[in-house]
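When you line the sequence shown up against our numbering, it's residues 2 to 294, in that order.
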Amino acid sequence: MFRNHTSPPGYTLKYLARLACQYIRNLRMPLMHFYVISHERSGTHFLINTLNENLPIRAGMGTGDGSGTGWNNIGEWFGPYDNFTGSRNHIDEYNERNWHKGAHRNTIIKTHSDAELFAIRFRKAPVVYIYRDPRDVMVSWFHYLNNRQFYINNPQVEDMRCDCFSTFIRRPVNGFLRYSYSESGNFKNVVERWAAHVSGWLNYPGTCIVKYEDLFYEPQMVVKQVAAGLNLTPNKHVNPIPIDKSVSILPRKGVVGDGTAVCSESDTDFIRKISGQYGLDWSILTGHGPGDQ
Numbered sequence: 002m003f004r005n006h007t008s009p010p011g012y013t014l015k016y017l018a019r020l021a022c023q024y025i026r027n028l029r030m031p032l033m034h035f036y037v038i039s040h041e042r043s044g045t046h047f048l049i050n051t052l053n054e055n056l057p058i059r060a061g062m063g064t065g066d067g068s069g070t071g072w073n074n075i076g077e078w079f080g081p082y083d084n085f086t087g088s089r090n091h092i093d094e095y096n097e098r099n100w101h102k103g104a105h106r107n108t109i110i111k112t113h114s115d116a117e118l119f120a121i122r123f124r125k126a127p128v129v130y131i132y133r134d135p136r137d138v139m140v141s142w143f144h145y146l147n148n149r150q151f152y153i154n155n156p157q158v159e160d161m162r163c164d165c166f167s168t169f170i171r172r173p174v175n176g177f178l179r180y181s182y183s184e185s186g187n188f189k190n191v192v193e194r195w196a197a198h199v200s201g202w203l204n205y206p207g208t209c210i211v212k213y214e215d216l217f218y219e220p221q222m223v224v225k226q227v228a229a230g231l232n233l234t235p236n237k238h239v240n241p242i243p244i245d246k247s248v249s250i251l252p253r254k255g256v257v258g259d260g261t262a263v264c265s266e267s268d269t270d271f272i273r274k275i276s277g278q279y280g281l282d283w284s285i286l287t288g289h290g291p292g293d294q
């Protein structure tokens with residue numbers, strides 16, 4: 002079955018043969034789209050890899066800026082943030098130019114859009130949304146935005162590196178974090194950004210909701226849940242993708258509970274308080290393992 006691998010830079014014979022195999026396999030799969038959406042560092046590629054491995058869906062060369070093998074990508078806005086003219090051109094371009102071409106290559110479209118922007122601008126298709134314990138998200142996000150490679154990959158982005166985790170979660174967000182995936186940017190810090198994102202999608206009608214922790218501990222259950230939501234029949238034998246074998250962008254550990262070792266008591270209280278202000282149940286957010294939803 003298909004595995005998500007990063008494409009080599011050159012068109013080698015092995016690479017071309019793999020493309021041919023993907024093309025032949027895709028001919029047997031239904032022509033459809035669905036989105037995999039999350040806040041950054043919430044298991045987006047872990048879920049994409051698992052679904053591509055275990056569902057009868059198309060998976061091949063990606064379409065759209067920043068795409069990869071097995072998923073199409075809509076992209077994000079890199080500013081300037083004092084002028085909103087053309088700020089959503091990347092979304093319109095995918096809707097108008099890449100939608101049909103992308104559906105032939107991949108069933109999955111990846112985005113980190115919030116629900117408000119999605120409702121206003123995105124072409125509609127089913128949504129599978131994955132969320133994760135906010136402490137783990139914040140710690141992974143902290144390391145991700147401190148990674149030098151992120152700024153090499155995205156030279157348009159203002160340097161957001163920060164030595165102190167407690168400062169990171171409390172300081173004001175810049176234009177990139179405020180508007181790259183959000184319509185209104187109505188939040189003050191990264192925790193509010195996360196809480197607004199999750200609460201928006203948990204309340205978005207028709208969304209198939211997945212917890213990272215459930216995918217980590219019970220991938221068979223999650224595959225069946227998503228398949229039922231999409232009216233698809235999963236493979237008879239679900240093949241889990243171990244987190245350390247899941248290809249992603251600047252991966253870290255992917256460990257459940259990693260954030261508890263970094264968050265101080267005051268950091269946890271800060272995250273819990275903001276979560277509550279956005280109507281999120283802390284016991285559900287931090288529950289680990291199947292059945293906690």
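C-beta: ideal position from N, C-alpha, C; glycine also.
Assignment of C209 by DSSP, reduced to helix, strand and coil, places it in the strand class. A straight line joining the alpha-carbon of P241 with that of F47 spans about 10 Å.
Counted as a single uninterrupted DSSP element, the alpha helix (DSSP H) harbouring K274 occupies residues E266 to Q278.
For T168, no beta strand (DSSP E) run applies; the uninterrupted alpha helix (DSSP H) run containing it begins and ends at F166 to R171, by DSSP. Within the same chain, V158 and D160 come within 7 Å of Y152 by CB-CB distance, once the 5 residues on both sides are set aside. Shown here, K111 sits in a strand according to DSSP, grouped into three states. If you draw a 10 Å sphere on the C-beta of K254, you find fewer than 16 other C-beta atoms in it, and that means exposed. In the three-state scheme derived from DSSP, where H, G and I count as helix and E and B as strand, S284 is classed as helix.
The C-beta of L17 has fewer than 16 other C-beta atoms within 10 Å across all chains shown, which makes the residue exposed.
When the five nearest sequence neighbours on each side are left out, the beta carbons in the same chain lying within less than 8 Å of the beta carbon of S167 are those of S265, S267 and D268, in order along the chain.
In the assembly as shown, H238 is an exposed residue. Its beta-carbon has fewer than 16 other beta-carbons within 10 Å. The residues I210, in chain order, have a CB closer than 7 Å to that of L203 in the same chain once the five nearest residues on each side in sequence are set aside. Membership of V191 in the alpha helix (DSSP H) is indicated by the continuous run V191 to L203. The Cβ-Cβ distance between H34 and I110 falls below 8 Å.
Rounded to whole angstroms, the gap between the alpha carbons of R179 and G80 is 11 Å. For the pair H91 and I75, the CB atoms are nearer than the 8 Å cut-off. Within the same chain, N55, L56, V224, K225 and A228 come within 7 Å of P235 by CB-CB distance, once the 5 residues on both sides are set aside.
Where F47 is concerned, the enclosing alpha helix (DSSP H) starts and stops at T45 to N55. Taking C-beta atoms as the reference points, H113 and E219 fail to come closer than 8 Å.
Comparing alpha-carbon positions, the option among Y132, G277 and I170 lying closest to M139 turns out to be I170.
Runs of the alpha helix (DSSP H) lying entirely within the stretch 132-156, each at least 4 residues long, are 135-146 and 149-154 in chain order. Membership of V37 in the beta strand (DSSP E) is indicated by the continuous run F35 to S39. When the alpha-carbon of E117 is set against those of L28, L233, A196 and Y205, the nearest one is in Y205. In chain order, D137 and V140 place their CB closer than 7 Å to the CB of D259, counting only its own chain and leaving out the 5 sequence neighbours on each side.
For D66, the number of other beta carbons within 10 angstroms of its own is below 16, and it is reported as exposed. Looking at the backbone, the Cα of L28 and that of F177 are separated by about 39 Å.
With a contact defined as Cβ atoms closer than 8 Å, S200 and L281 qualify at about 6 Å. For V223, the enclosing alpha helix (DSSP H) begins and ends at P220 to L231. Contact between R149 and Y213 is ruled out by a C-beta separation of about 26 Å, above the 8 Å threshold. With contacts defined as CB atoms closer than 8 Å, I121 and E77 fail to qualify as a contacting pair. Selection S181, W142, F217 and G277 evaluated against F85 yields S181 as nearest (Cα-Cα).
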